[in-house]
Structure formats: structure tokens, C-alpha cells
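The structure appears right after this line, and notes come after that.
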Amino acid sequence: MTIAAIFLALVVGALLIIFSTPEVIESLKYFFTYPWDFFKFAGQAVWDGYSALVRGSVGSWSAIETTLERAAPLICAGLGVSLAFRAGMFNIGAQGQMLLGAILAGYIGFHYDLPPGLHLLLALAGALIAGGLWGAIAGALKAYTGAHEVISTIMLNYVARFLLLWLLAKDAFQRPGSDNLLSPPVNDSATFPEIAGVHTGVLLAFVAAAGVWWLLDRSTLGFELRAVGANPDAARTAGMNVKKVYILAMAVAGVLAGLAAAMQILGHHDPLNESIAGTVGFDAITVALLGRATPLGTVLAGLLFGALSAGGLAMQGSAGIPPEIAQVLQALIVLFVAAPALVRGVLRMRAAADSGAVMAKGWGG
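Residue numbers for the sequence shown follow my numbering, beginning at 589 and rising by one.
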């Protein structure tokens, strides 16, 4: 089903490329006189666009580096969203959890001057702790007050964003001599070392995926997570501490989002700024949905979206196609993956409505 969704998205994307190409639009004016021109220009536009997409994502080692570095944060944050899904919660708060992780990791990274290995470990630990605590807040609100996690995580996203903006205006965070809302760059001693041009933080994404798989499928906590996600009342009757599961699930989800933030700020020499998390926290929801909330599926979906993101830049640079086409492809893939379930749901609703009408009316009516 996912492969079919990708294929359909590429077909629709091809149509968008065709009808956003000036030569193709011009050839429509004389289509009935020289129809071959339309097909020639259309075919060339699609070939140029998709070949640039492939070259920009996997066509060279440099392209693969870009794909991996864009995919790694998506995988980590997506794993956090997936873990919450499996516990029966819809975690919209990966963005806020990332921002909190970036705040603490960035501060440790630029404020202190420590030996390289120790500095990186402390900054990384700061990201994980801050993200985990921010996630645990949403879990505790659900466990002890019944607050829906969608509402609380959305609100916490706003709190995290404005907290970051407030901090960036303070002397402790703002870059000296600058009026812009950005911090000094992270010290070299706090950045991930590189192997063959790829920062080693990328490897942590795959380690995290293996860890989440083990947690869900091989640990007692993972069994409790899945049991609570399937039926919290039955889990409570079986003696499981549902409140503890909610808090731990959101805390671990926050830790994974914090790891994604660490890759954003410690993987490069970027300063802490308002857009340090980009849209990774929100894109992670899409990655988790596409990956069916499984570790392997999330990794594959993250790699796909990383490739589309990296290739989208090449589409603009070499083929003159807007990079937003790659974002449209991402949205179309999710739409086509979700469409069958949506159609089945609508049909079930109609069947239930028809059944209710028959019961109200009577079989002889």
C-alpha cells in the first residue's frame, strides 16, 4: 500500500511539474497543430525534475550525506511520536520538546569551554533531559488531570517557542554585538565528530530505532505501553499502572525529540535561533504515520523524507523546479496512504447510518 501511495504521489507530482513548466504551457497554445511538442517538453520536464531529485538525494556521496543528515532528526522525532502512538497517545509536542532540548544543549555548547568528549556528552545529555522533562509534563497532565495530550502538547509547543524567543533576547543567550535573536555558535568541542563527511549523530538515529524496537517488543515496559495503548481499562484491571505508563511514554518520546534537537544544533556549528528545529517536530508526525508507528517503518519513512528534502534543493538548482514540489510529494504520499482507511471509515459510517435507519423504520417500512 505504501509503495502504491509513493507511485501515485510521483504521478501527481509529474503533473504538477508538467503544468508548472513554461515551455509546456507555451506548447499548449499550438497543441492541435504540433501536439508532439507538448509531449516532448512535458516528458523532458518530468525527466529533468525527477532525475535531479535522485541526483540530489543519492546521486553522489555528498548527496547521500545531505539525505542522511536531514533524515536523522526526522527518524528520532518520528520514533518519539510512534512510541506515544503505541501507548494510545497522539504526541503533537515533538516540536516543543525539540526546542527545549535545543535550548539546553545550545547553552551548554556555547557557554562552557570543556574537553571535546566531555563537552559533547554534557550537551547531548542536556538535550535528552530537557526534551524528556518537557514530554513528561504532557504525560503527567494526562495521567493526573485527564488533559488530552493533543491540547497540552500544542500549548507546550507555544510555551517552548516563546521561551526560546525570550531567552534569545537575554544577555546570557544573545550573541554579543548582535541585535538579532541568535546565540553564539556552539563550540567545536561540543559538536559531533564527522566520519566520511557525515556527523556521527546520524548513527544515533539508527541506534535509537533499535532501542525503541527492543523497548516495545522485548521489555516489560514495552508490553505495558502496548497494552495501555490497546485498552487502558483492561490494562488497569490487569494491575498495570496506567498513569506511570502515560508519563514514561511521553518522557521517552521527549528524550527522542531531544536527540533530534541535538542533531540539529550539535551536528553543525549553527547558533541557537528561532528556526533551529525547523519543521522537524511537525514533519515527524507525518513520518510516524507513514511508518505505521513501527521502528523500521519510521526509519524508512524518515529516509524517504530526508531524500525528498535533499533532492528538492537539487530540483530547484538544476531543473528550475520549485523545491516546494518535494513538500507536495511528501503530503501526497501521506494522503494516498491514509485515503483507503478514510474511505473504509466513511463506508462504515454510512453502513451504520443505513442500519440505524432500518432499525428505526422497521423491516416492513
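C-beta atoms are modelled at their ideal positions from N, C-alpha and C, and glycine is treated no differently.
In the structure shown, Ser-645 falls within a helical segment according to DSSP collapsed to helix, strand and coil.
Around the C-beta of Lys-730, 16 or more other C-beta atoms lie within 10 Å, and the residue is accordingly described as buried.
Minimum Cα-Cα distance from Val-738 among the listed residues Tyr-732, Gly-727, Ala-748 corresponds to Gly-727. Distance from the CA atom of Gly-900 to the CA atom of Ile-913, rounded to whole angstroms, is 7 Å. For Gly-869, the closest alpha carbon among the candidates Ala-778, Arg-763, Gly-810, Arg-749 is that of Arg-749. By the Cβ neighbour-count rule, Trp-722 is buried, with 16 or more other Cβ atoms within 10 Å of its own.
Between the segment 664–672 and the segment 843–851, the count of C-beta pairs closer than 8 Å reaches three or more; the two stretches touch. The closest CA to that of Asn-775, considering only Arg-763, His-699, Met-838, Trp-624, is found on His-699. Within the same chain, and ignoring the five residues on either side of Leu-752 in sequence, the residues whose Cβ sits closer than 7 Å to its Cβ are Leu-687, Ile-691, Glu-862. For Ser-615, the enclosing alpha helix (DSSP H) begins and ends at 610–615. DSSP places Val-786 in the strand class (E or B) of the three-state scheme. Phe-893 and Gly-681 have their C-alpha atoms spaced approximately 20 Å apart. The shortest CA-to-CA distance from Thr-808 to any of Leu-712, Val-790, Asn-829 is the one to Asn-829. When DSSP states are grouped into helix, strand and coil, Pro-764 belongs to the coil group. Exclusion of the five residues before and after Val-916 leaves Gly-601, Leu-604 as the residues of its chain whose Cβ lies within less than 7 Å of its Cβ. In terms of Cβ geometry, Leu-755 and Leu-770 do not form a close pair [threshold 9 Å]. Per DSSP, the continuous alpha helix (DSSP H) segment holding Leu-706 begins and ends at 704–733.
Nearest to Met-851 by C-alpha distance, out of Gly-785, Glu-657, Arg-824, is Glu-657.
Per DSSP, reduced to three states, the secondary structure at Pro-859 is strand.
By the Cβ rule, the segment 784–793 does not count as touching the segment 875–885, because fewer than three pairs are nearer than 8 Å. When the Cα atoms are used, Thr-886 and Val-795 turn out to be separated by approximately 13 Å. Pairing Ala-640 with Ile-606 gives a Cβ-Cβ distance that is not under 9 Å. Here the C-alpha atom of His-857 lies approximately 53 Å from the C-alpha atom of Tyr-618. Contact between Ala-672 and Met-838 holds, with the beta-carbon distance rounding to 6 Å and staying under 8 Å. When secondary structure is reduced to three states using DSSP, Pro-773 falls in the strand class. From the listed residues Ile-835, Ala-872, Leu-923, Arg-880, the smallest Cα separation to Ala-735 is found for Ile-835. Membership of Lys-831 in the alpha helix (DSSP H) is indicated by the continuous run 830–854. Tyr-695: member of the alpha helix (DSSP H) spanning 682–699, first to last residue. In the assembly as shown, Leu-706 is an exposed residue. Its beta-carbon has fewer than 16 other beta-carbons within 10 Å.
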